[in-house]
Every structure is written in structure tokens, then in C-alpha cells.
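K.L.:
In my numbering, the protein residues as written are 174 to 605.
We put the beta carbon where it would ideally sit given N, CA and C, even for glycine.
Below are the C-alpha cells for one structure; questions will follow.
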Amino acid sequence: MNTKYPKVDHNDLVISDFNIKLDTKNFSRALNFCMPILEKKNVDQILSNVKLTHINDTVEKRLEISATDGDIFIYQKLPIKISKNDISITLPLQALNEIVKKIPHDEFTIYCNQDNKMVQIKVGEYLEFNLATLPINLFPVIEELTDADFIIHVTAMQLAQMIEYTKFAISTEETRYNLNGIYLHSKDYKSLIAVATDGHRLASAKCNIDTFKTNISNNDGFGVILPRKTITELYKIFKEPSINQYNVIIKVKSNKIQFDCQNITIISKLIDGNFPEYELFIPANNTKKIILNSNDLSESIERVSTIAVEKSKIVILDLDHHAITISAYGNAQCKAKELLLRHQHNNKNDQHQSSKQEVEKYEYIGDDQLTIAFNAKYLLDVLSVCNNIKIPIEFKDSISPALIQLEEKNTSATFIIMPVSVPTQEFVSAPT
Numbered sequence: 174m175n176t177k178y179p180k181v182d183h184n185d186l187v188i189s190d191f192n193i194k195l196d197t198k199n200f201s202r203a204l205n206f207c208m209p210i211l212e213k214k215n216v217d218q219i220l221s222n223v224k225l226t227h228i229n230d231t232v233e234k235r236l237e238i239s240a241t242d243g244d245i246f247i248y249q250k251l252p253i254k255i256s257k258n259d260i261s262i263t264l265p266l267q268a269l270n271e272i273v274k275k276i277p278h279d280e281f282t283i284y285c286n287q288d289n290k291m292v293q294i295k296v297g298e299y300l301e302f303n304l305a306t307l308p309i310n311l312f313p314v315i316e317e318l319t320d321a322d323f324i325i326h327v328t329a330m331q332l333a334q335m336i337e338y339t340k341f342a343i344s345t346e347e348t349r350y351n352l353n354g355i356y357l358h359s360k361d362y363k364s365l366i367a368v369a370t371d372g373h374r375l376a377s378a379k380c381n382i383d384t385f386k387t388n389i390s391n392n393d394g395f396g397v398i399l400p401r402k403t404i405t406e407l408y409k410i411f412k413e414p415s416i417n418q419y420n421v422i423i424k425v426k427s428n429k430i431q432f433d434c435q436n437i438t439i440i441s442k443l444i445d446g447n448f449p450e451y452e453l454f455i456p457a458n459n460t461k462k463i464i465l466n467s468n469d470l471s472e473s474i475e476r477v478s479t480i481a482v483e484k485s486k487i488v489i490l491d492l493d494h495h496a497i498t499i500s501a502y503g504n505a506q507c508k509a510k511e512l513l514l515r516h517q518h519n520n521k522n523d524q525h526q527s528s529k530q531e532v533e534k535y536e537y538i539g540d541d542q543l544t545i546a547f548n549a550k551y552l553l554d555v556l557s558v559c560n561n562i563k564i565p566i567e568f569k570d571s572i573s574p575a576l577i578q579l580e581e582k583n584t585s586a587t588f589i590i591m592p593v594s595v596p597t598q599e600f601v602s603a604p605t
């Protein structure tokens, strides 16, 4: 038996002075880009809303989508085909995002009456939502940077890669506010460098600059500290495959920075502080080095560290020319260890022959053995961004930081990890 559902009664619709038809997928993506900015416990209710402004001029019909938390502002433009009159409203971002994500059709229509107090979202003939608005004049006005001190051109892919290489090292200690972000700077106007550190590890990444312009007489370069929340927003957007092929124009002026890419603009306040002279902490004159696959090491550390004391999560690396021993101590004389042999045999089987092939799993450069300990999380954070490639890890001794340097096609990266004291607990076999 076929069930017939009643159609939406058009007499129940909000009397519409304005309407706009939107592509569900494109609008949902735009709202999703706004979500990291949203403050769930915002005292000012208007900052929980997104501003929608419909422009119908001789050039194009477009919808401008704006969101802000007072410190970060995102502004997007969506081209549209069907619309009636200009409109400017604010709607609750969280509710609107959840609604649009669940719309089963490719398109939907927003209707609004002249007093802008209510809007109706209509999907097909059987589904509608009504949302209350807030006065448009309450929404903050944010001006784009026009007379920028510095203008830099890089690709979105490069910027996303630099952020991925460094964001994990941002400090979470609020008292160290100058470390609560990524230090973006250039000294020679030819390369852009991103650096983050929490005092236990340091990560930096560098890419070439396509274009650099400055409106001030300054030969010392520039340097700004981007807040963590801004970094989260930039990474979410610029890692998108549909976006990362395009160029990003970065504008810096006073205490603000602006990123323009295609139809997206992000403006952010900067952290007011001085970033430490990080280059002083990059170790030199290392005498030992291992070269191995990042996944081989990270998988072993993950297995062994499951038994490590939760607070410190210390893992010990014993390095020599024959094997890497990875071990960890737990409570009550518990211990775990795993050997990564330098030479291992892979069994090769096919229809015609069965043989053992010797494979070199790592290379060790150095005259003597080394024992060094690290916080497992700090090591794993670095290894997780190395994307299953062979990496060189350099050492000097058990109390000096380890150094990892990568040279990729578009960006290069440097990682420094501070060691910890090597535990002295002895392994005790289980009773028989």
C-alpha cells in the first residue's frame, strides 16, 4: 500500500519578500569551514550566528557568508543562480549547520520576510525548518586589510603542509602565551618559515615564497605569531583537495593578518609577544645517526609504550649496529621491549620458488652504542607527520636533543626532541 504524505501548505509559509536557492553541498562545506570559529559558550549570542548577505548586482549573484568570534573572521562567497531581491540576515550557525548536513536534496530554498525576524528553509515539497534571526546590526563589522605592510604569495598546499609539520608542537600552557601559536616569519623574503615549540620539542617548516612585497623600509624581514585557533581554521580549509591547488595571498599589518584564497578570506588578530630565538636550540656536531622507516619505529614505540607509566610515557632506545632495542617500564616491575634487527629475512614465495631475502631495516652511523630515552608521545607526534618514509634521526649523546630533518618536494622540515633521564629499573622475570 502506498502512503501519501500531505504536501507543505503554502499558506503556512512565511510571507516571503526575499528568497534564495542554494546548492546543498557547497553551502554545507562553507558552513563547515565556519564551525572551528564557533564558541559554544559565547556570552555574546550574535557571535554564535552566521551572517548571510545576498548580493544581486550587475556582475554576479552571490551569497556572502561571514562568521567571527571577535578575534578571527571568515568571509566566503558562493555564486548562486536563482534569487529574489537582496537580503542580509543572521542565523544560529550550529543549528543551521546540522540542518543543512541532513538535507536529502541537492538544493534547498531560504525564504525571509521583510522584518528579518524569521526565516524558513524549504526542502522539496515535504520538509521545512523555521529559524529565528538576530538583528543584523549586532553582527561585528570587520574591515579587510588594504594597506598591508607585507604581502606574501604561497600555495595553499605549502601552507597546509607547513601547519601539519608544526601544529602539534604548539604549547598548551596559557602562561606562555608567546608559545601558544605558530611563529610565521621570513628573514630573506625568499622563504616562509613556520615554527612552534612547547619547550619539550620544536618543529619548523620552510617553503619558498612565490611573491613578496613590502610597503615599509625594513630589511630585517617580518615575524608574527598566529593563535592556535587560527591555525586550526587555516589547516581545515587549505588541506582541502579542491582548495590546496590555489595560491594564498597573505597580508600582514600591525596586529592582524589576512589570508585570501579563491572565494575565502580569513582575518585574524595576532599574539602580541616575542618568539624565542629558536635557532639557538638546533643541535649541531651530532656524531650518531639512524636512518629507518618512520612507520617501523612508530609502530614499535606504540606497542612498547602501552606498558609505560601513564604520566611520563617514557620509552628507551638502545642503538647499535646490530639492533635497536625499544623498551619501557611500567608499574610493579613490569617491562616491555622489542628488537628491531638491522638485517631481517623476508620470506619470498611464488609459484616457482621459495626463498629468503635479507633486508636492511635501518642504517646506523656512529662508532659506539647509545642509550637515550624520550617521552613516547613527543616521538610519536613527529613520526606521525613523516608519512611512512625513511627518515634520518641524529644524536650526540644521551642528554642532547635528537634532530630530524626532512627535505620534501614543496617544503622542508626540522624537528627537535628533548630527551629525558633514562630509567634505571631492572627487569624482573615473572615467577615460574
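1) Between residue 508 and residue 545, is the Cβ-Cβ spacing less than 9 angstroms?
2) Going by Cα to Cα distance, which pick from 420, 537, 517, 296 is closest to residue 383?
3) Please report the straight-line C-alpha distance between residue 305 and residue 297, rounded to a whole angstrom.
4) On a CA-only basis, which of 299, 440, 435 is nearest residue 428? Give me that one, please.
5) Would you mind sorting residue 572 into buried or exposed? The rule is 16 or more other CB atoms within 10 Å of its CB.
6) If you follow the beta strand (DSSP E) that residue 433 is part of, which residue opens it and which one closes it?
7) For residue 201, which residues of its own chain have a beta-carbon under 7 angstroms away from its beta-carbon, when the five flanking residues on both sides are left out?
8) Do you know offhand how far residue 188's Cα is from residue 276's?
9) Do residue 195 and residue 283 come within 9 angstroms of each other at the CB atom, strictly closer than that value?
10) Taking the runs of the beta strand (DSSP E) that are 3 residues or longer, which of them lie wholly in the stretch 563 to 604?
11) Could you check how far apart the C-beta atoms of residue 574 and residue 596 are, in whole angstroms? I think they sit under 8 angstroms.
12) Using alpha carbons as the reference points, say which of 222, 343, 228 lies closest to residue 242.
13) DSSP three-state call for residue 281: helix, strand or coil?
14) Just list the residues that DSSP pairs residue 418 with in beta bridges.
15) Take residue 408 and list the residues in its own chain whose beta-carbon comes closer than 8 angstroms to its own, dropping the five residues that flank it on each side.
16) Under the three-state reduction of DSSP, which class applies to residue 561: helix, strand or coil?
17) Let me confirm a value: residue 218 is counted as buried when at least 16 other C-beta atoms fall within 10 Å, else exposed. Which label applies?
18) Would a check of beta-carbon distances place residue 587 closer than 9 angstroms to chain B?
19) Under a three-way DSSP split, which group does residue 348 fall into?
20) Rounded to whole angstroms, what's the CA-CA distance from residue 589 to residue 374? Just pull it up for me.
21) State the Cα-Cα distance for the pair residue 320 and residue 204, rounded to the nearest angstrom.
22) Does the stretch 455 to 463 come within contact of the stretch 356 to 373, defined as at least 3 CB pairs closer than 8 angstroms?
23) Taking the C-alpha atoms as reference points, what is the distance between residue 539 and residue 478?
24) In the DSSP assignment, find the unbroken beta strand (DSSP E) run with residue 384 in it and report its ends.
25) For residue 412 and residue 239, what's the separation of their Cα atoms in angstroms?
26) Would you kindly work out how many angstroms separate the C-alpha atoms of residue 396 and residue 487, rounded to a whole number?
27) Taking residue 300 as the reference, give the member of 292, 449, 281 with the closest Cα.
28) Which residue's Cα is closest to the Cα of residue 416: 570, 424, 438?
29) Excluding sequence positions up to five away, which residues of its chain have a Cβ less than 6 angstroms from the Cβ of residue 585?
30) Could you tell me which of 583, 464, 471, 434 sits nearest to residue 568, measuring between CA atoms?
31) Spatial neighbours of residue 444 within its chain, please: C-beta separation below 7 angstroms, excluding the five flanking residues on both sides.
32) I'd like to know whether the C-beta atoms of residue 251 and residue 430 end up nearer to each other than 9 angstroms.
33) Can you tell me whether residue 178 is helix, strand or coil according to DSSP?
34) Which whole-angstrom value describes the C-beta separation of residue 220 and residue 227, a residue pair presumed to lie in contact below a C-beta threshold of 8 angstroms?
35) DSSP puts residue 380 in a beta bridge; with which residues?
36) Can you tell me the Cβ-Cβ gap for residue 331 and residue 583, rounded? I've got them flagged as a contact below 8 angstroms.
P.N.:
In this structure, then:
1) no
2) 420
3) 21 angstroms
4) 440
5) exposed
6) 429 to 434
7) 273, 274
8) Low confidence applies here, because residue 188 scores a pLDDT of 48, under 50, leaving its location unreliable; read the following figure in that light. In a straight line, the C-alpha of residue 188 is about 23 angstroms away from that of residue 276.
9) yes
10) 563 to 568, 575 to 580, 584 to 590
11) About 19 angstroms separates the two Cβ atoms, so there is no contact after all.
12) 222
13) strand
14) Partner(s): none; residue 418 has no beta bridge.
15) 333, 336, 337, 340
16) coil
17) exposed
18) In the displayed structure, chain B is absent; only one protein chain is listed.
19) coil
20) 5 angstroms
21) 29 angstroms
22) no
23) 26 angstroms
24) 384 to 387
25) 20 angstroms
26) 35 angstroms
27) 281
28) 438
29) 379
30) 464
31) 350, 351, 353, 354, 398, 400
32) no
33) Only weak support exists for where residue 178 lies, its pLDDT of 41 falling under 50; the value from the coordinates is given anyway. Residue state, collapsed to three classes: coil.
34) Wrong, their Cβ atoms sit about 22 angstroms apart, outside the cutoff.
35) 365, 584
36) 5 angstroms
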